[in-house]
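Start counting the sequence shown at 3; every next residue gets the next number (our numbering). These notes are about the structure you will find just below.
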Amino acid sequence: MGSQITLSDPTTVTIPIALFEKLSLNCDRPRDWNKRYGSPTAIALAGLVMCLTPLSCQLMGWRDSDMSGASNNGAHFYCGGLLLFLGGLLDFFCGNVFSSTVYLSYGGFFFALGATLAPNYGIDAHSVSSSGVVGGQFYASYGFFYLFMGILSFIFLLASLKTNICFVIVFLAYSLAFPLLAAADWEKALGQDKETVDQLLIGGGACCFVVSLACWWVLASILLEAGKICKLPVGDLSGLFGSKEATTSDVEKQA
C-alpha cells in the first residue's frame with residue numbers, strides 16, 4: 003500500500019496522500035473571470051479609439067494636420083499601446099484566445115509605430131541624409147510592416163465572421179487600411195508623386211476612421227449595458243454558418 007495520511011477528529015479517516023493532494027488542489031474556485039473581475043474589452047477598445055480616431059483624422063489631413071501622425075505619438079504609446087496590451091493580457095488570462103491575440107497584436111503595432119516616430123529611438127537614423135531628410139530605403143522597408151499587418155488583419159477578419167457585424171467591419175477596414183499605408187510608404191520611397199502619396203494616406207486614414215467608428219459603437223454598447231441603461235445592437239453573426247454554438251470568446255458575447 004502507498005503512503006497514507008490520517009486525519010484525527012471525532013471520526014478518524016485514513017486516505018492515501020495522493021488522493022489528499024488531489025482534493026486539496028481541486029478545491030472550488032471561481033472559473034468565470036468576467037463575473038468576478040469584469041471584461042477587459044472596454045479597456046482595450048477605449049485605448050484603441052482614443053489613439054486611432056485622432057490618428058485617422060491626421061492621416062486624412064483634417065484641419066491641415068500633420069499626415070505623418072507624429073504629433074499623436076503619446077497616444078500611440080499610452081492609449082493604443084498600453085491599454086490594448088493591458089486589455090489583451092487580461093483577456094488572455096480569461097481564456098479568450100481570439101480577442102487576446104487581436105488586442106496584443108494591435109497593441110504591439112502601436113508600440114512599434116510610436117517607437118518608429120519617436121526621435122529618441124533613432125530607428126530611421128541610418129536612413130537620414132546629411133540634410134536631415136529620411137531616405138527612400140527606410141520607407142521602402144517600413145512598408146512591409148504595414149503590408150503584413152494587413153495580412154494579419156485579414157486573418158482576423160476570417161476568424162470574426164461568426165462574431166458580430168461591428169467586428170467584421172473593423173477587420174475589413176483594417177485589411178484595407180494597412181495595404182494603403184504600405185503603398186503610401188512605397189510611393190514615398192520613389193520620391194516622385196506627392197499627390198499620390200497624399201491620396202493613399204487619405205484612403206488609409208478613411209479606413210482607419212471606419213474602424214474607429216465601429217469600435218466607438220461597440221464600446222458604447224458595452225458601457226451602456228454595464229450601466230444598465232440599454233444595449234446597442236452590434237449585429238450578432240453567431241448563427242451565420244449553421245447552428246449557434248458557444249465558440250466565440252467573451253468579448254464577442256459581451257459586445
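Ideal placement from N, C-alpha and C gives every residue a C-beta, glycine not left out.
Simplified DSSP assignment, three categories, for residue i
{"i": "D238", "result": "strand"}
{"i": "T250", "result": "Caution applies to T250, whose pLDDT of 44 falls short of 50 and renders its modelled position unreliable; the model cannot decide the point."}
{"i": "D68", "result": "coil"}
{"i": "A117", "result": "helix"}
{"i": "C96", "result": "coil"}
{"i": "S41", "result": "coil"}
{"i": "L88", "result": "helix"}
{"i": "G49", "result": "helix"}
{"i": "S101", "result": "helix"}
{"i": "G83", "result": "helix"}
{"i": "F111", "result": "helix"}
{"i": "G63", "result": "coil"}
Short Cβ contact (9 Å threshold) for residue i with residue j
{"i": "A175", "j": "V212", "result": "yes"}
{"i": "G206", "j": "C59", "result": "no"}
{"i": "G109", "j": "L86", "result": "yes"}
{"i": "L183", "j": "Y148", "result": "yes"}
{"i": "F112", "j": "C209", "result": "no"}
{"i": "F173", "j": "S162", "result": "yes"}
{"i": "L221", "j": "V51", "result": "yes"}
{"i": "L57", "j": "N74", "result": "yes"}
{"i": "A186", "j": "L203", "result": "yes"}
{"i": "I224", "j": "L84", "result": "no"}
{"i": "G49", "j": "G82", "result": "yes"}
Limits of the alpha helix (DSSP H) - the one that residue i falls within
{"i": "T198", "result": "K196 to A228"}
{"i": "C168", "result": "I167 to L192"}
{"i": "I153", "result": "G138 to A161"}
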